[in-house]
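Numbering (the working numbering), first residue to last: 55 to 252. Okay, so here's the structure we're looking at.
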């Protein structure tokens, strides 16, 4: 991979996510920030490994099979649920031993907004229109998440992995999240040719 080419993908991701988080910040009590974006290469397992699995994780994800395919994942630490819910809805959801149905609805909606903004940034640059996907959610350790994600993309396929770290803050409480786009190399190369680095 050419580091200068990766800058194009990073810029597209930052621009799409920053605009999305600005819109969310306007209607929610939390402060939402993109802390950084990096590009790597690997499989869906390599992508998931980037998350800190000190605790189980919750992942909202979808794929767009009509677009080569493209896949997107947003990872949360369930221990941050009180902060995440307050940042997004203004109400703190009590933390239980597992993700509740209310938690799942909230995370799925948040993931849907953020992941679609990220993927639409890439698709708009390519001038492609793809039907939106219905996001799914899974909670568990790295093996469980990798297994579920391996059902929507070939687990052996190589991707360009664009990973963004997000920070959510409400009052003195801070939560972190990772957002990932998995782009087939063909799509990544098309984007690099179309979009010069900002």
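Cβ atoms here follow ideal geometry from the backbone N, Cα and C, with glycine treated the same way.
Query, Result
"Evaluate the contact criterion for the segment 224-232 versus the segment 69-78: three or more CB pairs, one atom per stretch, below 8 Å.", "no"
"For the alpha helix (DSSP H) containing residue 87, name the first residue and the last one.", "It is not in any alpha helix (DSSP H) - residue 87 instead sits in the beta strand (DSSP E) that spans 85-96."
"Measuring only the C-alpha atoms, how far is residue 244 from residue 115?", "23 Å"
"Quick one: what does DSSP say residue 154 is sitting in, helix, strand or coil?", "coil"
"If we call anything under 8 Å between Cβ atoms a contact, is residue 157 one with residue 147?", "yes"
"Residue 92 and residue 217 - do their beta-carbons sit closer together than 8 Å?", "yes"
"So for residue 185, helix, strand or coil by DSSP?", "coil"
"In angstroms with no decimal places, state the Cα-to-Cα distance between residue 61 and residue 68.", "10 Å"
"Quick one: complete alpha helix (DSSP H) runs, 4+ long, within the segment 117-150?", "135-143"
"Distance check for residue 149 and residue 136, CA to CA, integer angstroms please.", "6 Å"
"Mark residue 188 as exposed unless 16 or more other C-beta atoms lie within 10 angstroms of its C-beta, in which case mark it buried.", "exposed"
"Looking at the structure shown, is residue 204 part of a helix, part of a strand, or coil, going by DSSP?", "coil"
"Compare the beta carbon distance of residue 110 and residue 165 with 8 Å and say whether it is the shorter of the two.", "no"
"Which partner residues of residue 231 appear in the DSSP bridge assignment?", "130, 220"
"Identify the continuous alpha helix (DSSP H) that holds residue 103 and give its terminal residues.", "Element bounds for residue 103: n/a, residue is neither H nor E."
"Can you have a look at residue 159 and say buried or exposed, based on whether 16 or more other CB atoms are within 10 angstroms of its CB?", "exposed"
"Going by Cα to Cα distance, which pick from 228, 212, 247 is closest to residue 278?", "An answer regarding residue 278 cannot be provided, because it is not within the stretch 55 to 252 covered by the chain."
"Going by alpha carbons, who is nearest to residue 119 out of 183, 153, 215?", "183"
"Just checking my contact of residue 230 with residue 219 at CB under 8 Å: how many whole Å lie between their CB atoms?", "7 Å"
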